[in-house]
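Each residue of the sequence shown is one higher than the one before, counting from 1 in the numbering used here. By construction, the Cβ of each residue, glycine as well, lies at the ideal position given by its N, Cα and C atoms. Below you'll find the structure, written out as structure tokens, and then a few comments.
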Amino acid sequence: MTNNQRIQQALEAIRTFPDKHPSLMKSHHFLFDLPIDNNVTGCEYILMGINPGETDADWTLAPRDLGEIYPTEASSSYDFRVAKKIEKNRSAKNWDTRSRKLLGTSDIFYTELFFWSSPDRSKLEAQFGRLKDLKKDVLSFCKEQNEVMFEERQPKAVVVSGLGDMDIVSDLYGLVPLNDGSLDLKSGGARLLIAKTDGTRPWFFLPHLSGSFGFSGERMAMIREHMRGI
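Right, here's the structure in full:
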């Protein structure tokens with residue numbers, strides 16, 4: 001889908017990175033610069049997760065072809081689900097639907113703090129180590145490629161799903177509170193949005209999109225309108 005030279009160079013760097021970090025070959029795929037669907041007309045928001053999930057079905061339905069090695073990829077250049085004609089599971093469909101409703105657009109690209117997949121957070125840390133211990137190596141590499149994506153896609157904002165790793169993300173990307181924290185959003189004592197900036201664009205930290213807390217229809221509308229006003 002993409003002909004952007006810098007993003008293609010970033011993708012090639014990600015594909016070859018496991019050569020020097022063999023533990024990453026335990027992942028089924030990496031995710032980087034992935035449009036929410038093939039109908040995007042631009043990039044209004046980049047939505048960042050911690051790392052992509054993987055299921056047993058991914059390994060079964062998207063096995064290696066002859067000559068291929070893992071991890072495969074989900075990107076603007078090649079999406080294994082599209083290539084293998086695999087329908088998204090319910091969790092992935094719900095994620096897409098909630099992303100569109102929350103952000104009020106379909107012009108969304110996905111990326112991750114840590115590009116390589118795992119079944120869950122505990123498996124991620126068991127296989128690769130704690131995120132805070134990966135900052136100087138793997139996460140710094142991911143940051144470099146993400147910054148290429150930010151520069152080339154020029155989103156209005158980066159939205160991060162999850163508040164639990166906000167300190168790690170903020171330290172890695174050099175984020176500071178936006179307007180000294182006056183633009184944060186709370187409701188009934190619950191933190192719905194933490195606004196930060198990298199000096200170029202706002203970053204919005206939200207409760208994890210896969211959870212139910214904080215995402216009633218009313219609260220989603222509050223978050224959406226609050227982001228639009230910044």
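Apart from the five residues on each side of it in sequence, which residues of its chain come closer than 6 Å, Cβ to Cβ, to residue 49?
112 and 161
Smallest Cα separation from residue 108: which of 138, 153, 122 and 93?
153
Using 8 Å as the Cβ pair cut-off and three pairs as the minimum, do the segment 176-191 and the segment 40-55 touch?
no
What does the alpha-carbon distance come out to for the pair residue 169 and residue 219?
24 Å
For the segment 114-166, which segments carrying the beta strand (DSSP E) assignment without a break, of at least 3 residues, lie completely within its bounds, in sequence order?
157-161
Could you tell me the distance, in whole angstroms, from the CA atom of residue 180 to the CA atom of residue 206?
18 Å
Classify residue 215 as helix, strand or coil using the three-state DSSP reduction.
coil
Counting C-beta neighbours from all protein chains within 10 Å, is the total for residue 21 16 or more, i.e. buried, or is it exposed?
exposed
Look at the alpha carbon of residue 200 and the alpha carbon of residue 130, and state the distance between them as a whole number of angstroms.
29 Å
With 16 as the cutoff for other CB atoms within 10 Å, does residue 221 come out buried or exposed?
exposed
Whether residue 145 touches residue 10 by CB criterion (8 Å)
yes
Beta-bridge partners of residue 48, as assigned by DSSP:
111 and 160
Taking residue 226 as the reference, which of 211, 60 and 204 has the closest Cα?
204
Cβ-based burial, residue 136 [other Cβ within 10 Å; buried from 16]:
exposed
Reducing DSSP to helix, strand and coil, say where residue 26 ends up.
helix
Closest to residue 43 by C-alpha separation, out of 110, 166, 140 and 139, would be which residue?
110
Could you give the DSSP three-state label for residue 87: helix, strand or coil?
coil
Inspect the beta-carbon positions of residue 32 and residue 91 and report whether they are closer than 8 Å.
no
Could you check if residue 53 is buried or exposed, using at least 16 other CB atoms within 10 Å of its CB as the buried criterion?
buried
With DSSP collapsed to three states, give me the class of residue 168.
helix
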